[in-house]
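Going by my numbering, the sequence shown opens with residue 44, and the numbers climb by one from there. Heads up, the beta-carbon is just placed ideally off N, CA and C, and yes, glycines get one too. Quantities reported herein were computed from a predicted structural model and do not represent experimental measurements.
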Amino acid sequence: MNNNKLLPPVAQVGCALIALLIMGCGSGQSPTGKPAGSPPGSRSSPPGMGGGMPVMVITKRVAPQSFIDRFTALGTARANESIEVTARTTSIVTRINFRDGQQLRSGDVIVELDARQESANLSLAEAQLTQAESQYQRSKALQATNVVSAADLDQLEANLLVARAQVRGAKARLDTLSVKAPFAGTVGLRKISLGDLVGPDTIMTTLDDTSVIKLEFGIPETFIGDVRTGMTILADSTVYPDQRFEGTVSSIDSRVDPVTRAVTVIATVPNGDGLLKPGMFLTVALERQRADVLLIPEEALVPREGRQYVFVVEDGKAMEREVTIGRRAPGLAEIRGGIAAGELVITEGTQRVRSGSAVQMAPNS
């Protein structure tokens, strides 16, 4: 006969709870899974903090470098010389000596106007000059015999001078009826016909010297100190995507536009092949090189609340520094304050560290 008796159900549940408590105490873990004795609410430290493993980072030593700063602007091409061809007097067109788009030399006659009246006036003036010269020479020969007084001779000399002036005036008026090219260039479209009555307000055609193009563009006033006459510019046109044009700054305006805060600059671009036309738009690039500039990779910057920070490695720890940023180039930023040449900045791993974190620099960084 078995003397052992079955325990009531309530007693069985109590025994099970006692066994679980004994096992928990033996494992050294609290019911929350943290090590026994850990204060409530405590967390494990991130890497590199509180004795944790150092964070692996990549660094770069700050050193002065030559920094090429580029500024771009939209420029307008203009002819080296450009005029609207008009007559200096009112007359009838009798001859047209050009074709649309023709190349002209300086002094070529573009248009001839009716010169019959002025030719007649010149002939009359020349005849009067011949007569005045004859009278003067004859009277001068007779002065020695006292036939002609000194006063009469002076009057004849004055008449001679007047006659010569009248001839010069007649020639000048006749010359105005031949419209000439003041410089070599390309003539534009003809806007007149034979027999037209033209005057100073009549545009007969245009004349452009495009052997050199003047490229006009604006630069911000902050850039004025870095632009000087003689410096090189590069220009691109969407019309010729595979070609770059090189020019030279020839002049800089003496005033800043009060609205745009920009200064007008003119650069000359050789155009012997005639590819560039007046009125074309080109993208102009100006480059300036600044020596002894501290540059760091942009990925080293940590922006926060409108400010820029970097992490500098000091005694094996990442130390946060606020820096002052200058100009930027693709992938680079100029540092104007906050760090010095020779210091190590973290370029990769900035998001895994805090100021004071222990760090380990990757090999070859």
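Item: Could you give the C-beta distance for residue 402 and residue 349, rounded to a whole number, given that I count them as a contact under 8 Å?; Value: Actually they are not in contact, since the Cβ atoms of residue 402 and residue 349 sit about 26 Å apart, beyond 8 Å.
Item: Restricting to Cα atoms, I'd like to know which of 357, 234, 122, 386 is closest to residue 314.; Value: 122
Item: Would you list the residues sitting across from residue 351 in a DSSP beta bridge?; Value: 346, 366
Item: Near residue 379, which residues of its chain fall below 6 Å by C-beta distance, leaving aside the five closest residues on each side in sequence?; Value: 367, 369
Item: In the DSSP output, which residue or residues are listed as bridge partners for residue 283?; Value: 280
Item: For residue 291, which beta-bridge partners are listed by DSSP?; Value: 275, 311
Item: Check whether the stretch 166-178 and the stretch 124-131 touch, using three or more Cβ-Cβ pairs below 8 Å as the test.; Value: no
Item: Nearest by alpha-carbon distance to residue 230: which of 108, 279, 124 is it?; Value: 124
Item: Compute the Euclidean distance between the alpha carbons of residue 140 and residue 323, then round it to the nearest angstrom.; Value: 29 Å
Item: Just the Cα atoms here: how many angstroms apart are residue 2 and residue 239?; Value: Because the chain spans 44 through 408 in this model, residue 2 falls outside it and cannot be assessed.
Item: Are the beta-carbon atoms belonging to residue 325 and residue 280 less than 7 Å from one another?; Value: yes
Item: Residue 220 and residue 134: beta carbons closer than 7 Å?; Value: yes
Item: Give the secondary structure of residue 116 by DSSP, where H, G and I count as helix, E and B as strand, and everything else as coil.; Value: strand
Item: When you compare only the Cα positions, how much space is there between residue 417 and residue 339?; Value: What the structure shows of the chain is the stretch from 44 to 408, and residue 417 is not part of that stretch, so it cannot be assessed.
Item: Beta-carbon within less than 6 Å of residue 126's beta-carbon, same chain only, minus the 5 sequence neighbours each way: which residues are those?; Value: 250
Item: State the beta-bridge partners of residue 263 as determined by DSSP.; Value: 305
Item: Under 7 Å, do residue 295 and residue 257 count as touching if we go by C-beta distance?; Value: no
Item: Under DSSP, the alpha helix (DSSP H) around residue 212 begins and ends at which residues?; Value: 193-218
Item: Using a 10 Å radius around the Cβ and a threshold of 16 neighbouring Cβ atoms, would you call residue 248 buried or exposed?; Value: buried
Item: What are the boundary residues of the alpha helix (DSSP H) that includes residue 183?; Value: 159-185
Item: With H, G and I counted as helix, E and B as strand and the rest as coil, what does DSSP make of residue 239?; Value: coil
Item: Residue range of the beta strand (DSSP E) that residue 404 falls in?; Value: 400-404
Item: Among the candidates 228, 149, 236, whose CA atom is the shortest distance from the CA of residue 136?; Value: 236
Item: In the DSSP assignment, find the beta strand (DSSP E) that holds residue 155 and state where it starts and stops.; Value: 152-156
Item: Restricting to Cα atoms, I'd like to know which of 117, 228, 210 is closest to residue 148.; Value: 228
Item: Apart from the five residues on each side of it in sequence, which residues of its chain come closer than 7 Å, Cβ to Cβ, to residue 27?; Value: Past the edges of the chain, shown from 44 to 408, lies residue 27, and the structure says nothing about it.
Item: Leaving aside the five residues before and after residue 97 along the sequence, list all residues of the same chain whose C-beta is less than 6 Å from its C-beta, in chain order.; Value: 91, 401, 402, 403
Item: Residues in its own chain within less than 6 Å of residue 387 by CB, not counting five upstream and five downstream?; Value: 102, 104, 356
Item: Grouping DSSP H, G and I as helix and E and B as strand, with all else coil, what is residue 394?; Value: helix
Item: So, helix, strand or coil for residue 269, using DSSP?; Value: helix
Item: Do residue 168 and residue 15 have their beta-carbon atoms positioned less than 7 Å apart in this structure?; Value: This structure gives no information on residue 15, because the portion of the chain shown stretches from 44 to 408.
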